[in-house]
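Below is one structure, written out as structure tokens; the observations come after it.
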Amino acid sequence: MTEPSARPTRAQQRLRTEERILVAARQLFAELGYERTTIRAVASTADVDAGLVMHYFGSKDLLFARAVEVPADEVPAGTAGEVAEALLTSLGRRLTGEPVASLAVLRSMLTNADAADRYRAAGEPQLNQITEAIATPDADLRASLLSAIIHGVLAERYLLRLTHLADASPEQIIDLLRPCFQSLTTPAPAATKPQGA
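Below you can see the structure in the form of structure tokens.
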């Protein structure tokens with residue numbers, strides 16, 4: 001005979017409930033944005049009482065902050081090709097599985113100043129990593145362009161859905177972007193002076 005499975009401890013139950021609430025919050029913040037998402041709606045989606053959401057998270061703003069926490073991908077120092085491939089790999093993961101936490105921030109930042117500040121604060125370390133990994137005098141501009149492309153692709157694919165990006169395979173998108181990413185991470189060859197000049 002097999003032993004009955006052990007009952008979860010209170011701490012385990014709390015963690016499971018918190019995670020259910022965070023999953024529901026990410027989904028609603030991504031679909032509705034910050035302003036239109038309510039604690040009551042999050043509670044209903046998570047199948048818990050609204051008071052429990054407040055007990056665990058304290059406020060809508062603190063719930064939002066926890067729901068949109070996304071660890072930044074490390075951008076390795078290396079050759080221009082390695083930097084481009086690392087960024088493409090990161091984007092490919094987000095094209096394969098819908099990045100709900102990122103979408104929650106992207107949608108919410110348009111209507112909520114705190115969400116916009118949180119977006120900038122979360123993105124700054126990764127933008128700095130990309131800048132440091134690009135060996136050109138205009139690395140900050142190139143990193144900003146790469147960031148804009150990544151966020152634009154995600155917003156178009158998941159939020160706007162106006163073009164074929166919503167239906168394209170991640171592989172197809174990555175293959176088309178590869179030359180652009182490689183160009184932005186690669187220093188332009190130095191101009192050579194004509195002989196006798």
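What the sequence shown shows, in the UniProt record's numbering, is residues 1 to 197, in sequence order. We put the CB at the ideal spot given by N, CA and C, even for glycine. All values derive from a computational prediction rather than experimental measurement.
Which of helix, strand or coil DSSP assigns to residue i
i, result
"ALA191", "With a pLDDT of only 45 at ALA191, under 50, the local geometry of the prediction cannot be trusted, and the value read off the model is given with reservation. In this structure, ALA191 counts as coil in the three-state DSSP scheme."
"ILE134", "coil"
"residue 231", "In the structure displayed, the chain extends from 1 to 197; residue 231 sits before or after that span and is not available."
"ASP117", "helix"
"THR89", "helix"
"ARG40", "helix"
"GLY58", "coil"
"GLY123", "helix"
Endpoints, the alpha helix (DSSP H) within which residue i is located
i, result
"GLU98", "Element bounds for GLU98: n/a, residue is neither H nor E."
"ARG26", "10-36"
"ASP49", "Unbroken run through ASP49: none, as it is neither H nor E."
"VAL153", "139-154"
"THR185", "170-185"
Contact under 8 Å by Cβ, residue i with residue j
i, j, result
"SER108", "LEU154", "no"
"ILE149", "VAL83", "no"
"ALA43", "VAL53", "yes"
"TYR56", "ASN112", "no"
"THR89", "VAL48", "no"
"ILE174", "LEU91", "yes"
"TYR158", "GLU98", "yes"
Candidates the options, of which the one nearest residue i by Cα
i, options, result
"LEU145", "ALA166, ALA67 and GLN182", "GLN182"
"TYR119", "THR131, LEU32, ASP167 and PHE64", "PHE64"
"LYS60", "GLU85, THR186, LEU162 and THR38", "THR38"
"GLN172", "ASP140, LEU95 and ALA6", "LEU95"
"ARG142", "GLU69, ALA80 and ARG7", "ALA80"
8 Å Cβ cutoff, residue i in contact with chain B
i, result
"ARG16", "No chain B appears in this structure, which consists of one protein chain only."
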